[in-house]
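So in the numbering used here, spot 187 of the sequence shown is number 190, and the numbers just go up one at a time.
Note that CB positions come from ideal geometry on N, CA and C, so glycine has one too.
Everything below concerns the one structure shown next.
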Amino acid sequence: MGTCHFGKVPPQRETLRLSNLSLSDTSLICLLSFFLWIAASGCAIQPAERPTNIVLIGWDGAQLDHVKECLGRGELPNLKKLSAEGSFVEIDVQGHQTETEPGFAQMLTGYDDEVSGVRGNEKFTCIPKGYTIFERLEDHFGSGSGHASGSGSFVTVALFSKGHRFKSDSPDKPYYNAAKAADVFTNGLNEDSNVAAVTEKMLDLYKGRHFFFFVQFAGADRSGHDKGENSKEYNDALITYDKLTGDIAKKLKDLGLYDKTIIYVTADHGFDEGSRGHSFAPYVFMATNDPRGIKQGFQADVTPTVLDRFGVDVKKIDPPLYGKPLTK
Ligand SMILES: [Zn+2]
Numbered sequence: 004m005g006t007c008h009f010g011k012v013p014p015q016r017e018t019l020r021l022s023n024l025s026l027s028d029t030s031l032i033c034l035l036s037f038f039l040w041i042a043a044s045g046c047a048i049q050p051a052e053r054p055t056n057i058v059l060i061g062w063d064g065a066q067l068d069h070v071k072e073c074l075g076r077g078e079l080p081n082l083k084k085l086s087a088e089g090s091f092v093e094i095d096v097q098g099h100q101t102e103t104e105p106g107f108a109q110m111l112t113g114y115d116d117e118v119s120g121v122r123g124n125e126k127f128t129c130i131p132k133g134y135t136i137f138e139r140l141e142d143h144f145g146s147g148s149g150h151a152s153g154s155g156s157f158v159t160v161a162l163f164s165k166g167h168r169f170k171s172d173s174p175d176k177p178y179y180n181a182a183k184a185a186d187v188f189t190n191g192l193n194e195d196s197n198v199a200a201v202t203e204k205m206l207d208l209y210k211g212r213h214f215f216f217f218v219q220f221a222g223a224d225r226s227g228h229d230k231g232e233n234s235k236e237y238n239d240a241l242i243t244y245d246k247l248t249g250d251i252a253k254k255l256k257d258l259g260l261y262d263k264t265i266i267y268v269t270a271d272h273g274f275d276e277g278s279r280g281h282s283f284a285p286y287v288f289m290a291t292n293d294p295r296g297i298k299q300g301f302q303a304d305v306t307p308t309v310l311d312r313f314g315v316d317v318k319k320i321d322p323p324l325y326g327k328p329l330t331k
């Protein structure tokens, strides 16, 4: 990290020191303020610096307008807190049907359906080898493929509520290559509370390593199909997404990792207003505690945002990524 330098003492520390001390010994004052700052700040990520870890959380079927309404009613306190620390922006989905499989495929590759091969739910070929965020990060950090217990210090973890949308068990399935490269790739965790519990367990396991986690929640998509976008059930599922996102943030805090970890929350697709489907639902969002701040953009920008934040030169990626990093 290397964030604890002299000369970066926040202004409030300076004020505190000056009001309590009337020493003229500059070096002593600097030393005191240095220790005060160390004790108080925990070396939070500075905007210009790279995070140690990133956690990307996918809220399946979270419609932009409904999320905004929930935020307005104070129902998503954890998303609000993340946004207050960083940003909340609108994200548009382009280049594929607004369905789960192509949505997450674009989020996790940066490509539209022609390149990823994931055209729709149940309409896919295997995502070409090396194209997913997991494979690119494993390559970048040189931590090999699928060896969490090996010598590499970087760990990639993928945890999915849905099983049938993230198949990896044979070479014709979308995530066949990704699952081999990621250190942990577990689909079919079902209940969102279980996804969060496994996420916390994995954070315990890999707290001493650098990591990228991808976590997929799915309750709102299920409730939306079952009861409709304007139902209490859909609304409650968004509230559950928020609570579990908060649980993950709290776990990072308990482990002393929060200040070194950027959380990005986004969605694969939205929901048709008042409907039980999402045939044209390209309006989603991204919320983050990233101190750099992010700007409005597209789903294809998610992959370059994560890769760039970890120091990958996204301009050198082949085939070229469509999107650009959202960070300012
Ligand atoms: Zn759906």
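In angstroms with no decimal places, state the Cα-to-Cα distance between proline 307 and cysteine 129. Looking up residue 307 in the sequence shown gives position 304. Looking up residue 129 in the sequence shown gives position 126. For proline 307 and cysteine 129, the distance between alpha carbons rounds to 21 angstroms.
Which runs of the beta strand (DSSP E) spanning at least 3 residues fall entirely within the stretch 190-225, listed in chain order? 213-220
Could you tell me the distance, in whole angstroms, from the CA atom of glutamine 97 to the CA atom of glutamine 302? Taking the sequence shown and counting its residues from 1, the one referred to as residue 97 is at position 94. Taking the sequence shown and counting its residues from 1, the one referred to as residue 302 is at position 299. Cα to Cα, glutamine 97 sits roughly 7 angstroms from glutamine 302.
According to DSSP, which residues form a beta bridge with aspartate 95? Translated into positions along the sequence shown, residue 95 becomes position 92. Tyr286, Phe301, per the DSSP bridge assignment.
Based on Cα-Cα distance, which residue from His99, Leu59, Phe283, Pro174 lies nearest to phenylalanine 137? One-based indexing of the sequence shown puts residue 137 at position 134. When each option's Cα is compared against that of phenylalanine 137, the closest is Leu59.
Quick one: what does DSSP say alanine 161 is sitting in, helix, strand or coil? Here residue 161 refers to the residue found at position 158 of the sequence shown. Correct three-state label for alanine 161: strand.
Euclidean distance between Cα positions of glutamate 336 and threonine 330: Residue numbering for the chain in the displayed model covers 4 to 331; residue 336 lies beyond these limits and cannot be assessed.
CB of glycine 300 within 8 angstroms of CB of glycine 326, strictly: Residue mapping note: residue 300 aligns to position 297 of the sequence shown, counting from 1. Residue mapping note: residue 326 aligns to position 323 of the sequence shown, counting from 1. Yes, they are a contact pair.
Keeping to the same chain, check which residues put their C-beta closer than 6 angstroms to that of serine 44; ignore five residues upstream and five downstream. Taking the first residue of the sequence shown as 1, we reach residue 44 at position 41. Here the model assigns serine 44 a pLDDT of 48, short of 50, so the residue's position is not dependable and the matter cannot be decided.
For tyrosine 267, write down the residues that DSSP places opposite it in a beta bridge. Translated into positions along the sequence shown, residue 267 becomes position 264. In the DSSP output, where bridge partners are listed per residue, tyrosine 267 has Leu59, Thr291.
Buried or exposed by the 16-neighbour rule on C-beta atoms within 10 Å, applied to phenylalanine 283: Here residue 283 corresponds to residue number 280 of the sequence shown, with the count starting at 1. Phenylalanine 283 should be labelled exposed.
Following the continuous beta strand (DSSP E) through arginine 53, name the residue where it begins and the one where it ends. Against the sequence shown, residue 53 aligns to sequence position 50. First-last for arginine 53: undefined, no H or E at that position.
Sub-8 angstroms separation of valine 3 and leucine 324 beta-carbons: With the chain represented from 4 up to 331, any question about residue 3 goes unanswered, as that position is not in the structure.
Residues in the same chain with beta-carbon distance under 6 angstroms from threonine 135, minus the five sequence neighbours each way, listed in chain order, please. Here residue 135 refers to the residue found at position 132 of the sequence shown. Here the set comprises Leu111, Thr112, Ala181.
Whose CA, out of Asp262, Asp68, His143, Asp116, lies closest to the CA of tyrosine 286? In the sequence shown, counting from the first residue as 1, residue 286 sits at position 283. The candidate whose alpha carbon is nearest that of tyrosine 286 is Asp68.
By how many angstroms is the C-alpha of glycine 145 removed from the C-alpha of histidine 272? Stepping through the sequence shown from its first residue, residue 272 is reached at position 269. Stepping through the sequence shown from its first residue, residue 145 is reached at position 142. Their backbone Cα atoms lie some 33 angstroms apart in a straight line.
Stretch pair the stretch 168-182 + the stretch 71-85: three plus CB contacts closer than 8 angstroms: no
From the DSSP output, in three-state form, read off phenylalanine 144 for me. Here residue 144 refers to the residue found at position 141 of the sequence shown. Here phenylalanine 144 sits in helix by DSSP.
Distance, tyrosine 267 Cα to aspartate 195 Cα: Residue 195 sits at position 192 when you count from the first residue of the sequence shown. Residue 267 sits at position 264 when you count from the first residue of the sequence shown. Those two C-alpha atoms are separated by around 17 angstroms.
Would you say the beta carbon of histidine 69 comes nearer than 7 angstroms to a heavy atom of ligand 1? As a position in the sequence shown, residue 69 is number 66, starting the count at 1. No - ligand 1 has no heavy atom lying nearer than 7 angstroms to the Cβ of histidine 69.
With a 10 Å radius around its C-beta and 16 neighbouring C-beta atoms as the bar for buried, classify proline 80 as buried or exposed. The residue labelled residue 80 in the question sits at position 77 within the sequence shown. Result: exposed.
Is it the case that the Cβ atoms of asparagine 292 and leucine 82 are separated by a distance below 8 angstroms? Locating residue 292 in the sequence shown gives position 289, where the first residue counts as 1. Locating residue 82 in the sequence shown gives position 79, where the first residue counts as 1. No, the pair does not count as a contact, with Cβ atoms beyond the cut-off.
With a 10 Å radius around its C-beta and 16 neighbouring C-beta atoms as the bar for buried, classify histidine 99 as buried or exposed. Your numbering for residue 99 matches position 96 in the sequence shown. Buried: at least 16 other Cβ atoms inside 10 Å.
From Asp321, Ala290, Val309, Ile320, pick the residue whose C-alpha is nearest to that of tyrosine 92; which is it? Within the sequence shown, numbered from 1, the residue matching residue 92 stands at position 89. A small correction: the amino acid at residue 92 is valine; tyrosine does not occupy that position in the sequence shown. Nearest of Asp321, Ala290, Val309, Ile320 to valine 92, Cα basis: Ala290.
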